[in-house]
Structure formats: structure tokens, C-alpha cells
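In order, the protein sequences belong to chains A, B, C and D.
First residue of the first sequence: 1, per this note's numbering; consecutive thereafter.
First residue of the second sequence: 1, per this note's numbering; consecutive thereafter.
First residue of the third sequence: 1, per this note's numbering; consecutive thereafter.
First residue of the fourth sequence: 1, per this note's numbering; consecutive thereafter.
Note that the Cβ used here is the ideal one computed from N, Cα and C, for glycine as well.
As C-alpha cells, the structure follows; a few thoughts come after it.
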Amino acid sequence: MTSRKVYMDHGATTPVREEVLEAMLPFFREHYGNPSSLHAQGRAVRKELENARDIIAGVLGAEPKEIIFTSGGTESNNIVLRGAAKKRGAPGHIITTSIEHHAVFDVCRDLEKEGHQVTYLPVDKYGKVDPQSVRKAIRPDTFIISVMAANNEIGTLQPIEEIGAIAAEHKVLFHTDAVQVVGQLPLNLSKLKADFLSLSAHKFNGPKGVGALFMRKGIRVAPIYIGGGQERKIRPGTENVPAIIGMAKALELAAAEMDEKSRSLTKLRDRLISGLLQIDEVILNGHPDERLPGNVNVSFKHIEGESVLLSLDLQGVAASSGSACSSGSLDPSHVLSAIGLDHPTAHGSIRFSLGYGNNDDDIDYVLEIIPAITDRLRRISPTYKPKAV
Amino acid sequence: MTSRKVYMDHGATTPVREEVLEAMLPFFREHYGNPSSLHAQGRAVRKELENARDIIAGVLGAEPKEIIFTSGGTESNNIVLRGAAKKRGAPGHIITTSIEHHAVFDVCRDLEKEGHQVTYLPVDKYGKVDPQSVRKAIRPDTFIISVMAANNEIGTLQPIEEIGAIAAEHKVLFHTDAVQVVGQLPLNLSKLKADFLSLSAHKFNGPKGVGALFMRKGIRVAPIYIGGGQERKIRPGTENVPAIIGMAKALELAAAEMDEKSRSLTKLRDRLISGLLQIDEVILNGHPDERLPGNVNVSFKHIEGESVLLSLDLQGVAASSGSACSSGSLDPSHVLSAIGLDHPTAHGSIRFSLGYGNNDDDIDYVLEIIPAITDRLRRISPTYKPKAV
Amino acid sequence: MYNEKVVDHFSNPRNVGELENPDAVGETGSFKCGDTMTLYLKVQNDRIEDVSFQTFGCGAAIASSSMLTEMVKGKTLDEAMKITNQDVADELGGLPPLKLHCSNLAADALHDAIEKYRKKQGV
Amino acid sequence: MYNEKVVDHFSNPRNVGELENPDAVGETGSFKCGDTMTLYLKVQNDRIEDVSFQTFGCGAAIASSSMLTEMVKGKTLDEAMKITNQDVADELGGLPPLKLHCSNLAADALHDAIEKYRKKQGV
Ligand SMILES: Cc1ncc(COP(=O)(O)O)c(C=O)c1O
Ligand SMILES: Cc1ncc(COP(=O)(O)O)c(C=O)c1O
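Right, here's the structure in full:
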């Protein structure tokens, strides 16, 4: 239909930057050795692998040995929660929120089946957790608190500094799923009182299938997957060298450009939000400004999200939706329910997630095509009554 | 010292073939979408991902839905063993061998701590498991049998067809760690009575950090890592698309060239073995011919393996060793102990693993330099008494 | 994901909106996935003379609604009662498996309308 | 992995072999990692006049053995007794952490030889 392509689904995944790919290529070709091998080929690779670890640690304000390479955010989260539960052995209590990613939320549900008890803290209408609710939820048998740094759907930033301080005060482990934040906003683990932090490279223009887990010095979980001695036995298996190199490069670039990028994304974001809010019966989901620089999430009342997605897609715009019909499940997102949206409103939510490569023209284009789309779909809708003109 | 480079550590990992890298590149650049996304970008990627699954299933004689993408051999093995144990719930009995890779062996050790009982079957001096010993070990509470298709250190092929038939007869699940066999020798899951099979792409000139698990239709383990709905919820997390595409390409190439490659590798292997056996007090580890086409494992008596490795390395040859001093652990390999080698002999073992790119010149070169190396090291050794000439 | 015919019915849905003075109005809603549909009928001599719809739903739901209205126009009520959700999906050339449940509203709304019409007529 | 000095001592080890009529022979073996070393001493006026070794072991073990023989030649027995495994590793310019235990045999074999020598001398 159109040849224009606008990718606004950076929250789902991002393109690999050319510099990142360039950094990776030699590790498919010349430097293919196994970093555990003793020979020159292996040693050369080991050196670069450790250099990548240094870079990542440096950006995060951590020590190199606190960085464990994993296969992505899902694995990092599972290692922490299952590993902490396994280490504890006896059933205990976990505190998390009602808006975590499935890779935390569903793990907690599964741990409940194994006898652990879990408190899922509510959030306010902006999707924010109250640090005092964390404090109140702590029990003598609470062994870990897991609160995401920013929500992937609605973009709301969480008060992880305060929650980390409360956890430290009560000597409870604190984990933050920072998959949506690393590479987007500054994070300094020399200040943040987190024991564990999860990140995933493909969310910041690095490759898919690789991530990292920060595990603070002196703290250790029981490994779930066992095998060779790699990654301090926390994450065994031949290291995914090219991807790790790519992740380090992507994070290095993101850190160097962070100020400028987050400023420009915030501007684009706010333009898109105010443009969308011009349309009748559109509401913004998430916090008005304490949100990820690239995250825009709105509900178009009287319209189902997937039909908006599809219409956008037919005009070359890639976005995503918390609608049940677009997720393969039948229920709308637990996040949108947690912020109190009724079913039809939750079903009408669309996430535009901006990132590397998006510009003002993209915003113009979306704002240009969206009124006709919503108009058309509302005319089909049984619940929409157009205002008299 | 030398500019000649001979890589004979294909058992540890292999270079990515140029055709494989070419197949991957578009998925870093243009086709970067998340296969779970509904938009055109995501759908295009999903299609290619499913095509990769079809290719892999086709080569293995499986159905596409029986193939689950993982992050490698270690993960595939863990998913099977832990997942089967988790699904069972109550403690039960596992049968495996004393020569499995750590990603099976150490998982079994860990499951013992959780209350399961494990029989580690012995092997003969060639490293072979007797299928009848499997039959005898089966108990009413045996819930899974795990026997590798070929050993990674000494290359011995195992009678997995017979063991699979015995397992099926007793209605016990059967898993085979085929990481060293897939891409090297034919395997047909429409005939082999295996319920699970593990493979890892970087062992057959595919990329690191990706593998697959065959899980037979109708059979399911309990997932350990939980998160999104990807890979039938058995292996959640954003799919490592470029790596999966690369794995399919590498397997397709390996299957097409298998006959010729295994024939030529076998020839090279046998030349290298007989050349090495010309040297005084050298013994072959593993089976004389029922072994991986590229695997050569010998013990140089009176010499410690790492010192041979290092000498080879200084002359440009990359190999590996089951010696404690080269593995970072203090004990020599459990495999070499299991085939009955005494400590000094186990310590003197060297594995040359041949693969794509090796040729007769490489064999000539190794055979040319190795006598001087062993000679020199034996003259340093306190246990070597040169024969009178 | 969707074939061309589905995309066409989604992009250019036929018979959208309310009919004036309809002889019957059928309604259906999938509580689970949240879709709802309203169907308007004009009937003459037990034959569907005109039909229109309004749907809140995904692409599959909208396309199914549109497809159904094309399928029933001119049919007798008895013929129309025989149309199943599967018929609608088939007429669209198939829907993705995960989306089949989203097409389960069009025939339901039609049958609801016809039943209401018959009740009104005292059949 | 190994620095140049280690590689040099490994590739060209000094003082290899048996001495004829040694005044003492020291032995050590790491049961754990399987390395063994034999050290031969010639002593005159409580001073090490000549020394040689034979080692079954990895690169670090061989290099440490060689390095030690260079360090002790000409030293008094008292001075030699003060040499530690760490001194040997330091003199080599350092060893990889995982390999340190492999250097723990050279000084041990030396001390064993000196003790045996002194016992023989009735000290
Ligand atoms: C907040 C959050 N956590 C975890 C994940 C999982 O990351 P991955 O898909 O790399 O496993 C994602 C992305 O999907 C995410 O947004
Ligand atoms: C027999 C066997 N199983 C499992 C593995 C583990 O595979 P990966 O390193 O891809 O996790 C290997 C290789 O290291 C192997 O040789």
C-alpha cells in the first residue's frame, strides 16, 4: 500500500546497529575459538570476552566479576528468582509487583506452586509502586524483592533507588528487571542498592539472544542450569562470544550517546503524545513524564487495539498493543488491568516505542494517518457515538 | 614462532562457515523484528524462523513442532533432565552413564541432592555402554534414561538405537545428548526411539549460543525457565533469530555434505592415529573405529597433557586435553578415569578433533612436529626411561 | 498473518452502520476477548433484504462481520440460520488458528437477530 | 596465558636431567593435579654447586622447576631454604591464578632435597 516504513516497536526489539555488527563479525570468522580453550585461538577470544565484561561493568558502575553473561532478559530474571528460591530451600516470601514482565511475574506464580508465598504489590493509576508498600509487605521470611526499573508496556519508571534502600535496610535481597532501562537511561550500580539487575542486549540495538545479570559481589544464588564452569557456574555453556562482544559495543555506544538520545527521544515522545491526545476520547496510559524516553502508550476508546495495529501496519507503521487479540492470549495485559483500565479501554491500547532511527518525520507521518484510522474504525464500532458538530 | 595455523579443536567449537554468516546477516540488519510482533516486520521474521524449524526438523526426520530452539547444548540437556524431574515431582530414578558431558553428569549429581537416585553406568575400556546394563538398571521408578550419542572427549559412539528400543519397551523416557553427532553423522528420529535429543549449532560450523531440543510429539517436560510464550513455553524469551537462521543453514550444509565429509575426516583421522601410534608409548583412547569421524584421542605416557598442548600451540596447532592442568580443575577428566586410565596416563591425553577445513597437510604437519615435542618433554620427565637403541 | 481477502474486508468493510427501522437487531459479545458485534436486519417475505453491522473487535472480527453480511443478503431466514462461524471463516479463505475464536461472533449475532425477529413475529 | 619468561623456561628449560652422584635428591608430587618433580643437588661447603631437575607436569610446573634451578645455583643452603614457591612464581614474572598451584612443587622439592642432605650429614 505504501512504501514508507516507520518502526515504532523498539520496546519489543531493536535493529542491530552497523557498528555493533562490525564489532561482532570477526568473532564469527577469525576469532571463533572457545574461550575455555588453552591454545592461542582460545586465549585471544577469552581476552576479548573479558574486555567486553569490563566495558559492561564500567558502564553500569559494577565490577567485572559482578557481570554474568546470559542468553537474555528472561534467563537473567529466572536465574535470580529461581536461584534465590533454590538457595533458600525452605518456602519463603517474595515481594514483587502486579506489573512485572512475564519473565518475573509468571516465575513468581510458578514458585507459589512450589510452596513460596508471593505478594504482588498494586500500583497507582500511573503504574507506580509505592516504596512504602514495599516496606509494609516485608516479613521475617521475605528473601527477595523484585521490582522492575521501568515497565515495558506503559513505560512508567519505578522508584528503585528508594526500594533498594528499603530492601538493604531490612537485609532482603533486591532484584530489578532493568531490561527496558539499560541503554536508555543512566543507571549506576555503585549507588543503586540492588543485588541483582537483569538486562537484554536486543533492547538497546545489540543482538538478540544475549543479556547479562549483575550479581553483587559476595552474593550468590544456586545455579539452576548446570554444566561446564563458565560464568562462575551460574550460567554454564559455551559462551555466545560474538553476541557478547556485540552487547558490549551496543552498550558502550548507548552510554556515550545517552544524554542526547534520551533528550531527543523525549521530545519526539512528547510530540507524539500531545498529537494523539488531540484525538477525541484518547487517553494516555502510564505516567505523564516519569516514563521511558521512547514510550508512548494510549488507549483509543471504542476501538480494539489489534485493528489499529493492523491499520497502521497496512500503512507501514510497526507498533504493538496490549490487546488480547494481538497477543495470542485471551486476556488483555495484566499491566493495563493493574492500572485500573476497564476491559474495552485496555483492549484499545497501542504502544508506540521510539528508538534509534526515529525522527520528526516519523511522528508527523503517524499523526497524519492516525485520525483517519481511528475515525474509520470508530464508525464501525457499536459503542461510539460521534459528537454532534 | 611459526606462521602456520592448524586448528584441531573442532570438538570444542568450530568456525562459522561463510555461507552461514551470509544467511544470518539480513537478520541483524533488515529483518530485525521480533517474531512475536504482529506487524509486517515481525511476521516476515516469524516466517523465516518457522522455515528454519522446518529445515532442522527435515534433516533430523522430526516434525517441525518437535523442535524447540534453545541457547545451546547445555540448556537443552538441562531442560530435559530438570524438566522431567520437575514434571515427575516425587523423587525417582535416573539412568545415565559415567562418561556424560558435565551438562548431563553434573545435572544428575544436582538432582541427587534433590532426592532423586541416579545410576551411572560403567563403560568398557573403549568407552562403550552395554545396552544390557541399561536394561538391568531399569527399576519401576526409573523415569528417564540419558545416554550420549558420542562422547566429546574420546569420540566413542554409543549404541543409542538399542538403548532407545529398550527404553521404549520399558516405557521409560529416553534422552540422547547428540551434541557431538548432529551434523557429523546421520541421525534419523523417525527411526531412533528417542524422546529427546540435544544439539548445539557451534559444533557443526553454526553460531555459538544457539541449539535445539527435539521433544517428541505427545511428550512434555515441565518448563524450568518461565516467561513469554515462545517455543511452546518450554524455552521462553525473545528468539535468537539470526543464530537460529544460521543453525538451520549450517545443518542443511552439513547434511548435504555429510557423506563426503565424514569419509574424508575418517581418512584424516585414521592417518593421524596411525602416525601417532608410531611414537613410543602412545596409546589410543576410545574405540579404534566406532568413533566420531574427526576424533583422535591419545595418551603420551610420561608427559603431562598441558605441556604437549602448550608445545603444539607454540607451533601453531590448536588441540585440547583431558589433563587436569588444562581444564582449570584439579582432577583429570571423569571420562578418562571411567575407561580405566591411571592418573598419569589420563594426564597425558590429547584430543585432536578434526573438522571443516582440515586437510592432509595439517596431518603431515602435526606428525612432523610431534615427535620432537614428545621427545623433549620426555627428556624432562622423571618417569621416562628411553629404550636402549 | 491475514490473507488478502481478510485484509480487504477489514480495510473496506461492507454494510457498516445502523439500518433505519431494522426489523431485528442481533447482538453478541465475547466476554473473553472483549469483542462485540451488533447486526441489523431488514426482512421481507422471510428473506433478508438488507443487513448491516457494527463491530468492536480485531481484524478477524471486523472482516468476519463484513463477510457475513455479504453472505446473507438475499438468503431466506432458514438458509441464513444454517450459516456457521466456520462457514464465514472458510468464505474468507481461512483465518490464523489463534484468531478463529474472533470470527465466532458474526454467525452468532445473525442467529440472535433471526431468533428475535421470529419471536417478534410470534413464530 | 603464560608470559614470555614462562614460555622461555618451558621451551628451553635450564638444568634438565639427572646429575651424576648427586649429594641429595629431593622429590615432590602433587597427588591432586598429578605433577611430580625430582631435584638433584651437588653441595660444597654448604653451598649449592650444581642442581638439576626432572618434572612431569604442565607448562607452569616445568617453567617453575627450571626457574628454581637458576635461582639456587651458588646459594647457601640456608639462603635456599628461604626460597618459597611464591618467590619462584614472582621470579617468573607471575603465573595465571589457576596455575599457581602448579608452581608449588619446585621449592618443595628443593627443601626436601636440602632436608635429606642435612639428615645425611647428621645436622
Ligand atoms: C521488562 C522486560 N523484562 C524481560 C524481558 C525479556 O527479555 P528477553 O526477551 O531478552 O528474554 C523483556 C522483553 O521482552 C522486558 O521488556
Ligand atoms: C557432548 C556435549 N554435550 C553438551 C555440550 C554443551 O554444549 P554448549 O557448550 O553448546 O552448551 C557439549 C560441548 O561443549 C558437548 O560436547
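- Between P293(A) and L253(A), the CB-CB gap reaches or exceeds 8 Å.
- Within the DSSP bridge table, the entry for V25(D) names Y40(D) as partners.
- If you draw a 10 Å sphere on the C-beta of Q54(C), you find 16 or more other C-beta atoms in it, and that means buried.
- Here the C-alpha atom of V317(B) lies approximately 28 Å from the C-alpha atom of N104(D).
- Of all residues in the segment 5-23 of chain D, those with a C-beta nearer than 8 Å to a C-beta of chain B are V7, F10, S11, P13, V16, G17, reading in chain order.
- A137(B) and N51(A) have their C-alpha atoms some 48 Å from each other.
- Beta-carbon to beta-carbon, M1(C) and R232(B) are separated by about 19 Å, too far to satisfy the 8 Å threshold.
- DSSP places D46(C) in the coil class of the three-state scheme, outside both helix and strand.
- The segment 210-221 of chain B makes no contact with the segment 15-24 of chain B; the number of CB pairs closer than 8 Å stays below 3.
- For I350(A), there is no enclosing alpha helix (DSSP H); the enclosing beta strand (DSSP E) covers residues 349-353.
- Your pair V51(C) and N15(C) checks out as a contact, with CB atoms roughly 6 Å apart and the cut at 8 Å.
- Contact check for G73(A) against A103(A) passes: the beta carbons are separated by less than 8 Å.
- Contacts with chain A (Cβ-Cβ distance below 7 Å) from the segment 102-121 of chain C involve C102, listed in chain order.
- With a cut-off of 7 Å, the C-beta of V20(A) is classified as distant from ligand 1, since no heavy atom of the ligand falls inside that distance.
- When Cβ-Cβ separations below 8 Å define contact, D35(C) makes contact with chain A.
- Three or more beta-carbon pairs separated by less than 8 Å link the segment 130-147 of chain B to the segment 161-174 of chain B, which places the two stretches in contact.
- DSSP, read as helix, strand or coil, puts L251(B) in helix.
- Here A150(B) carries a strand assignment [DSSP, helix/strand/coil].
- Beta-bridge partners of R291(B) (DSSP): T156(B).
- If you check each beta-carbon in the segment 341-364 of chain B against every beta-carbon of chain D, the ones closer than 7 Å belong to H343, P344, H347.
- Residues of chain D whose Cβ lies closer than 9 Å to the Cβ of L60(B) do not exist, since the nearest Cβ in that chain is about 38 Å away.
- In the three-state reduction of the DSSP assignment, L25(B) falls in the helix class.
- Residue side-chain check: T345(A) keeps its Cβ at 7 Å or more from all non-hydrogen atoms of ligand 1.
- With fewer than three CB-CB distances shorter than 8 Å, the segment 219-228 of chain B does not count as touching the segment 53-61 of chain A.
- Not a single C-beta of chain B is nearer than 8 Å to the C-beta of Y384(A).
- If the five residues before and after D23(C) are omitted, its C-beta is found closer than 7 Å to the C-beta atoms of L41, K42, V43, Y117, all from its own chain and listed in chain order.
- The beta carbon of A194(B) sits closer than 6 Å to the beta carbons of G164, F174, T176 from its chain, once the five residues preceding and following it are set aside; these are given in chain order.
- A heavy atom of ligand 2 is found nearer than 7 Å to the CB of A103(B).
- At a cut-off of 8 Å between C-beta atoms, G93(D) does not count as an interface residue with respect to chain B.
- For H175(A), the Cβ stays outside the 7 Å cut-off from all heavy atoms of ligand 1.
- Among the CB atoms of chain A, one or more fall inside 8 Å of the CB of Q41(B).
- Nearest to V7(C) by alpha-carbon distance, out of L39(C), I114(C), S65(C), is S65(C).
- For V80(A), the distance from the CB to the nearest heavy atom of ligand 1 is not below 7 Å.
- Taking 8 Å as the CB threshold, H10(B) stays off the interface with chain A.
- Beta-bridge partners of T119(A) (DSSP): I95(A).
- Rounded to the nearest angstrom, the gap between the Cα atoms of T119(A) and P332(A) is 21 Å.
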